[in-house]
Amino acid sequence: MPTNRKLVLLNGSRLFGKKRKGYKPVLNHSLGKMLKTPMLLIPGPITLPDRVLKAMAKPIINHRGEEFHKLYEKVEEGLKYAFQTENNVYIINGSGTAGVDMVFQNFVYDGEKVLIPDFGDFTERAVENAVKVGAKPVIVKAEWGELPSLREIINAIENEDVKSIFIVHNETSTGVTFRMMEEIRNAVGNRDILVFADTVSDLGVEPFYADKWRVDVCVTASQKGLGGPPGLSFASVSERALEKGLNNPRRRSFYLDIEKIHRFHLKKETPFTPAIPLIYGIAEALEILKEEGYDERMRRHRENAEMIYGFLESEGFEIFPREKEYRSISIIVFKNKGFDAPKIIKKLYEEYGILIARGMGRLRDETTRIGNVGYEGRREIEYFLKSFKTLLDNTS
Numbered sequence: 011m012p013t014n015r016k017l018v019l020l021n022g023s024r025l026f027g028k029k030r031k032g033y034k035p036v037l038n039h040s041l042g043k044m045l046k047t048p049m050l051l052i053p054g055p056i057t058l059p060d061r062v063l064k065a066m067a068k069p070i071i072n073h074r075g076e077e078f079h080k081l082y083e084k085v086e087e088g089l090k091y092a093f094q095t096e097n098n099v100y101i102i103n104g105s106g107t108a109g110v111d112m113v114f115q116n117f118v119y120d121g122e123k124v125l126i127p128d129f130g131d132f133t134e135r136a137v138e139n140a141v142k143v144g145a146k147p148v149i150v151k152a153e154w155g156e157l158p159s160l161r162e163i164i165n166a167i168e169n170e171d172v173k174s175i176f177i178v179h180n181e182t183s184t185g186v187t188f189r190m191m192e193e194i195r196n197a198v199g200n201r202d203i204l205v206f207a208d209t210v211s212d213l214g215v216e217p218f219y220a221d222k223w224r225v226d227v228c229v230t231a232s233q234k235g236l237g238g239p240p241g242l243s244f245a246s247v248s249e250r251a252l253e254k255g256l257n258n259p260r261r262r263s264f265y266l267d268i269e270k271i272h273r274f275h276l277k278k279e280t281p282f283t284p285a286i287p288l289i290y291g292i293a294e295a296l297e298i299l300k301e302e303g304y305d306e307r308m309r310r311h312r313e314n315a316e317m318i319y320g321f322l323e324s325e326g327f328e329i330f331p332r333e334k335e336y337r338s339i340s341i342i343v344f345k346n347k348g349f350d351a352p353k354i355i356k357k358l359y360e361e362y363g364i365l366i367a368r369g370m371g372r373l374r375d376e377t378t379r380i381g382n383v384g385y386e387g388r389r390e391i392e393y394f395l396k397s398f399k400t401l402l403d404n405t406s
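Per my numbering, the sequence shown starts with residue 11, numbered consecutively.
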């Protein structure tokens, strides 16, 4: 069991940084012994504010009518702000996995090489995806909890005749963030190589600039940093990526065919019946993002993460990613040494209404994960840490 040192003062302590003035909380938690609404501090989905829940309760409308076209345009505008892009942005009726699948099904040709830095569970899935569509993955591997070196990746770009690079920007299983996008783009230069990014678990939390970094295809999902309900994914697609996708002689998916997606996008529609309540929900969530402001949203999550990392280290826990420069803001992963994770996780939920997550994949029994992708501010994080500390001190 970690040290029983008392929690550093929760109000105004140096550990938790300065109080912010601009953030207006949208959650309505009554922070007592037991929350009426669960606080989901898992990698997603998140606890939704009333504004989003009420938006999802709006009457169903015709998905081929003018009302839906206006709703689509509102979501499109919000997504461009979230991706920081002027590229086409598409609504995909499916989870983040569907968005990633869409990338490989359309923009990766049969037999061509795709470079994949491999450092966790979701990067391994990307390798599997490449194989399934007949591509040849060029893998630059690192131990879980680490990243491949920039030099290794650049060597592969220069010597392996790759046609695309697929980067998991935030690896949910290990709590590692790939913060070398600009360097990779510069290494690609004018080569005929597309750059893809999976930002499913950190768009809206970790700064990401699709246009500035010239990312050709960026995919994300609705239920994490964007602040919406689960069930939708989204893609930002550059003109040159779109051209390659439309010219692909073997687009393999009927449902995720980029030609259909783009053709209906021009009409402000989706090819097949959309999940209208979810689209209402994400429209409201994206409106909240704009109200809070991009930089303010990033700052709130960064300060939340600093609070959590500081607490864990003060309690003697070992953070799973060894190097601070690539520790995730959105998913905090720490080792379970001397810590009965299943017991504490269960008691934290049953006694306080707060849910954190066990490790993922091969790390399921070795680590615990704390999600920092929702609407929680300083007040909620302090309540979580105080509750967590109480359980640590009172659980043998």
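In this text, a Cβ means the ideal position worked out from N, Cα and C, and glycines have one as well.
Asked	Found
Using a 10 Å radius around the Cβ and a threshold of 16 neighbouring Cβ atoms, would you call R161 buried or exposed?	exposed
For I70, count neighbouring Cβ atoms within 10 angstroms of its own Cβ and tell me buried if that reaches 16, exposed if not.	exposed
Pick out whichever of R201, K151, W154 and P158 has its Cα sitting closest to the Cα of V172.	R201
I'd like the ranges of any beta strand (DSSP E) spanning at least 3 consecutive residues and lying wholly in the stretch 102-173.	123-128 and 146-151
Go ahead and label L213 buried or exposed: buried means 16 or more other beta carbons lie within 10 angstroms of its beta carbon, across all protein chains shown.	buried
Let's test the definition: count the other Cβ atoms within 10 Å of the Cβ of N196 and tell me whether it reaches 16, buried, or not, exposed.	exposed
Classify L213 as helix, strand or coil using the three-state DSSP reduction.	strand
Answer yes or no: do I339 and V215 have a C-beta to C-beta separation smaller than 8 Å?	yes
Around the C-beta of L402, are 16 or more other C-beta atoms found within 10 angstroms, so that it is buried, or is it exposed?	buried
Excluding the five sequence neighbours on either side, which residues of its own chain have a C-beta within less than 6 Å of the C-beta of T95, listed in chain order?	A220, D221 and S246
Under the rule that 16 or more other beta-carbon atoms within 10 Å means buried, what is F282, buried or exposed?	exposed
Is there at least one Cβ from chain B nearer than 8 Å to V247's Cβ?	In summary, chain B is missing from the structure at hand, where a single protein chain is found.
Of all the options T377, P284, G326 and K396, which has the alpha carbon lying nearest to the alpha carbon of Y82?	P284
Between I354, F218, F188 and I391, which has its C-alpha nearest P158's C-alpha?	F188
By DSSP, does T400 sit in helix, in strand, or in coil?	helix
For K356, does the three-state DSSP call read helix, strand or coil?	helix
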